[in-house]
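Data first, discussion second: the structure below is written as structure tokens.
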Amino acid sequence: MTNMPHPSKTNRRPAASGSLPWLRLASAGLIGILLAGCGPGVPAGKVKLTGTVTFDGKPLVAGVLNGAAINFAAKEGNASGSAAISPEGAFTVYLEPGEYDVAVRDNGGTERGTPSGSGRKREFYPEVIPARYTMSNTSGISITAAADSKPVTIAVESK
Numbered sequence: 193m194t195n196m197p198h199p200s201k202t203n204r205r206p207a208a209s210g211s212l213p214w215l216r217l218a219s220a221g222l223i224g225i226l227l228a229g230c231g232p233g234v235p236a237g238k239v240k241l242t243g244t245v246t247f248d249g250k251p252l253v254a255g256v257l258n259g260a261a262i263n264f265a266a267k268e269g270n271a272s273g274s275a276a277i278s279p280e281g282a283f284t285v286y287l288e289p290g291e292y293d294v295a296v297r298d299n300g301g302t303e304r305g306t307p308s309g310s311g312r313k314r315e316f317y318p319e320v321i322p323a324r325y326t327m328s329n330t331s332g333i334s335i336t337a338a339a340d341s342k343p344v345t346i347a348v349e350s351k
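Start counting the sequence shown at 193; every next residue gets the next number (our numbering).
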């Protein structure tokens, strides 16, 4: 039988006092920094504007087939912005504070479908939004973007 030292008599060094709490604190701080950077913030000098586009009083869902979008052109200066319109008719855009003329586009009048050779026909999607709404200078719709802006409703009518 060999002489093995008793485990309590081995030459193990105890962990440095306080090193484990420091490691935990550093890990928690790093996780906090990473999580803080995960959310989208409002870009500097801009305000967040949210809203819904309605078509004849209902959320604009027909235009989603055609890639509906909303565009904003500043009444003064060159500021502008645009956003896609969700299937529920909602949008979110970041704009410089100020007054904007609004245009709503559905990219209608185009053919969409599957690639050739798939056996399915391409479909034609007519324009849904009347032409007057597709240009910011003819739509007759204006909004004000401010830090305290409430959600807006952009009403588009078929007539």
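Where a beta carbon is used, it is the ideal one built from N, C-alpha and C, also for glycine.
Owing to the predicted nature of the structure, the values given are computational and were not obtained by experimental measurement.
Go ahead and pull the three-state DSSP assignment for A339. coil
Locate the beta strand (DSSP E) running through D293, then write down its first and last residues. 290 to 297
When the Cα atoms are used, what is the spatial distance from I335 to P279? 22 angstroms
G243 classed as buried or exposed, judged by whether at least 16 other C-beta atoms fall within 10 angstroms: buried
Near the ligand GTP: G249 beta-carbon under 7 angstroms from a heavy atom: Absence of the ligand GTP from the depicted structure is noted, as is the absence of any ligand whatsoever, leaving it without description.
By the 10 Å Cβ neighbour count, where 16 or more other Cβ atoms means buried, how is N329 classified, buried or exposed? exposed
Same chain, Cβ closer than 7 angstroms to A337, neighbours up to 5 away in sequence not counted: V239, L241, L287, P289, G290, Y292
Looking at V344: is its Cβ nearer than 8 angstroms to the Cβ of Y325? no
Below 8 angstroms on the Cβ atoms is my guess for I262 versus V294; work out the distance and round it to an integer in Å. 7 angstroms
Measuring CA to CA, which of M327, K250, K342, D340 is closest to S274? M327
Tell me which same chain residues have a C-beta within less than 8 angstroms of the C-beta of D340, skipping the five on either side of it? none
Selected residue, minimal CA-CA separation from V245, among G259, D298, G281: G281
Our contact map puts I346 next to I333 with C-beta atoms below 8 angstroms; I'd like the distance itself, whole angstroms only. 6 angstroms
Delimiting residues of the beta strand (DSSP E) encompassing K240: 239 to 247
Alpha carbon to alpha carbon, how far is K342 from N270? 24 angstroms
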